[in-house]
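Peer 1:
In the UniProt record's numbering, the protein residues as written are 1 to 117.
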């Protein structure tokens with residue numbers, strides 16, 4: 001069985017290893033506590049932070065991009081859109097669906113400034 005077959009959920013499964021959640025594998029690792037800690041610290045140390053949830057793909061798990069008022073941003077893995085929304089409620093920040101709203105211009109401006117440094 002090749003890598004592609006495993007990602008598509010084909011091939012033999014070892015006993016006790018069946019996936020019950022209906023999700024297929026990705027090439028990315030899952031979310032860790034360190035990811036959540038980083039997000040919490042980013043929000044605590046910056047002002048005007050907003051969250052943008054990026055959907056799970058065949059290559060990456062669900063991610064959230066946090067963008068501060070000055071455009072500085074960070075991206076981390078998260079265990080699904082529901083966890084992202086719960087995190088945003090806990091941290092009292094607005095959260096948006098990146099596929100619907102897109103990203104703020106200040107994020108692109110900040111990235112451009114960083115390339116110039």
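Think of the CB as a built atom: it goes at the ideal place given N, C-alpha and C, for glycine as much as any other residue.
So if DSSP puts residue 97 in a beta bridge, which residue, or which two residues, is it bridged to?
Peer 2: For residue 97, which the question treats as bridged, DSSP gives the partners 53.
Peer 1: How many angstroms separate the CA atom of residue 106 from the CA atom of residue 97?
Peer 2: Rounded to whole angstroms, residue 106 to residue 97 spans 17 Å at the Cα level.
Peer 1: Can you tell me which of 87, 72, 41 and 65 puts its alpha carbon nearest to the alpha carbon of residue 101?
Peer 2: Out of 87, 72, 41 and 65, 65 has the C-alpha closest to the C-alpha of residue 101.
Peer 1: If you draw a straight line from the C-alpha of residue 99 to the C-alpha of residue 54, how long is it?
Peer 2: Distance between the alpha carbons of residue 99 and residue 54: 7 Å.
Peer 1: Straight-line CA distance for residue 104 to residue 34?
Peer 2: The alpha-carbon atoms of residue 104 and residue 34 are separated by roughly 26 Å.
Peer 1: What residues in its chain sit with their C-beta under 8 Å from that of residue 43, if we drop five residues either side in the sequence?
Peer 2: Correct list, in chain order: 49, 66, 91 and 93.
Peer 1: When you compare only the Cα positions, how much space is there between residue 112 and residue 69?
Peer 2: Those two C-alpha atoms are separated by around 16 Å.
Peer 1: Would you mind stating whether residue 95 and residue 108 have Cβ atoms separated by less than 8 Å?
Peer 2: It is not a contact, given that the beta carbons lie outside the stated cut-off.
Peer 1: Can residue 77 and residue 39 be called in contact, C-beta distance under 8 Å?
Peer 2: No, they are not a contact pair.
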